[in-house]
Amino acid sequence: MTRRSKRWKSRLLVMLGGLFLSLMFCEVVLRLENVFSGKSFFTDVRNKLNRPLKPLVPFRTFGPDFYEVHDEKVFIVSSRGETYPLNKAPHTFRIVCMGGSTTENRAGHTGTHYPLELQKLLRRRFKNYRFEVINAGYSAYATPHSLILFELDVLSWHPDLVIISHNINDRSVIYWPNFRFDYSNKYSHPFYQFPNYQSRFTTTNLLFQHFEFYWFLKDWLNQKKFSTARYQLRQRSYGDSVPKLAAAVFERNLRSFQTLAAANHITVVFGSQPIFPNEEVFLKTSQRPYNNVVVYPMFHEYVAHHKIYNRIIEKVAKSTGSFFVDNDKIFDGNPSYFVDNVHYSKSGIKKLAQNYASLLEHILQEKSSSPSLPGPS
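Under numbering that gives the first Met the number 0, the letters of the sequence shown match residues 0 to 376, in that order.
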């Protein structure tokens with residue numbers, strides 16, 4: 000062995016040793032951080048394989064478990080955690096709110112949601128009713144998800160009234176290729192598939208699962224990847240109208256809510272979905288992992304499509320004798336009501352609750368003279 004080759008091997012060993020010590024130093028630092036936050040030094044805080052998998056939800060594919068059992072009694076659990084007895088108590092007026100993330104309303108970290116605020120308002124205004132307002136909205140849900148939830152679950156909760164608010168999750172389906180009646184052209188994308196075993200149980204994840212620095216580095220790289228150009232939205236002109244087939248499917252789904260509700264003597268309130276028509280906010284908040292598939296319209300078309308879907312909601316409400324609240328008109332694009340283009344600030348949530356409370360006040364006042372309207376049961 001020559002002197003040069005010995006020096007090369009020595010340098011390689013020093014480099015590898017230095018790399019190993021550096022990695023161990025980073026690992027110790029991260030584990031000490033765990034200790035200072037109240038965890039054990041040996042706890043794998045960042046190990047994503049230790050986290051419980053989100054189970055597949057039959058028929059809805061993804062979403063919350065709406066039930067808990069305590070002392071052999073079944074309770075409904077809203078999507079925000081409030082609990083209600085499955086068996087409705089006498090003299091209870093039960094309202095179920097259905098929609099996507101604008102109903103669930105975890106965006107903006109407001110600490111509240113419009114069904115909860117509506118419940119507070121109604122309980123203050125009407126002392127002779129026992130009100131329950133259940134949040135059955137969930138992020139990314141469109142009308143197919145809510146229809147399944149309505150038929151298989153909500154009907155068994157015996158609501159007196161349901162509030163339906165859908166728009167953006169249905170409308171966005173037209174920007175995905177190869178439109179399907181069940182929206183599978185959108186919801187078969189891996190982003191919406193839970194759990195994603197393929198990306199979770201990779202070889203490197205399994206090999207390095209007990210190294211905190213591995214997960215720290217992986218998260219950092221993912222954040223850097225998220226800001227790369229492949230997540231930038233792509234746009235083209237669709238025109239100011241929406242595809243007739245997509246509009247017809249949306250209208251059909253809304254009418255299906257009304258048909259199911261009417262067959263079960265449930266009053267329906269349809270609400271339009273407010274929009275904050277600001278292009279800068281739209282461009283900032285539309286960076287999504289599926290943007291290599293989706294092609295968005297130009298922003299003025301995006302707003303026009305939103306308005307068209309709201310008018311479909313109004314059309315269905317009026318033609319079926321349902322109630323309609325034009326939240327979009329009431330909000331009038333007021334920026335103080337929004338945290339982005341469609342999700343609400345705390346003041347927006349309270350305003351939305353007030354909109355529905357005003358209508359419900361009218362409904363309850365007219366109840367006694369109209370047998371078609373529900374009363375406390």
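Where is the CB? At the ideal position from N, CA and C, for every residue including glycine.
- Beta-carbon to beta-carbon, N326 and Q272 are separated by about 7 Å, close enough to satisfy the 8 Å threshold.
- Taken atom to atom, the span from the alpha-carbon of S77 to that of L259 is near 21 Å.
- Rounded to the nearest angstrom, the Cβ distance from L160 to I274 is 25 Å, too far for a contact under 8 Å.
- Here V338 is not near T101, since their CB atoms are 7 Å or more apart.
- Taking the Cβ atoms as the reference, W175 lies roughly 5 Å from N184, within the contact range of under 8 Å.
- Counting the other CB atoms within 10 Å of its CB gives S164 a total of 16 or more, which places it among the buried residues.
- Of the other Cβ atoms in all chains shown, 16 or more fall within 10 Å of the Cβ of E211; this residue is therefore buried.
- Proximity of the stretch 128-140 to the stretch 110-119 meets the contact definition, three or more beta-carbon pairs being nearer than 8 Å.
- Residues of the same chain with a CB within less than 8 Å of the CB of T82, apart from the 5 flanking positions on each side, are E67, F74, I75 and V76 in chain order.
- Relative to the Cα of I311, the nearest Cα in the group A247, S357 and N204 belongs to A247.
- Distance from the Cα of K350 is smallest, within the candidate group K317, K283, L31 and S335, for S335.
- In the same chain as T284, and ignoring 5 residues on each side of it, the C-beta atoms closer than 6 Å to its own belong to D339, in chain order.
- Each residue's CA atom was taken as its position, placing G347 and T319 some 28 Å apart.
- Within the DSSP secondary-structure output, M97 pairs in a beta bridge with I163.
- A direct Cα-Cα distance of roughly 13 Å separates I329 from N309.
- DSSP places P51 outside both helix and strand once states are collapsed to three, so it counts as coil.
- The bridge partners DSSP lists for G238 come to none.
- Residue H69 holds the alpha-carbon nearest to the alpha-carbon of L85 among K243, H69, R79 and I162.
- Per the DSSP secondary-structure output, N134 pairs in a beta bridge with C96.
- In this structure, the straight-line span from the alpha carbon of V27 to that of S21 is close to 10 Å.
- Of all alpha-carbon atoms in L253, N104, A139 and L121, the one lying nearest the alpha-carbon of F92 is that of L121.
- It is roughly 29 Å from the alpha-carbon of S36 to the alpha-carbon of P63.
- Looking at the backbone, the Cα of R254 and that of N204 are separated by about 47 Å.
- Judged by DSSP in its simplified three-state form, P57 adopts coil rather than helix or strand.
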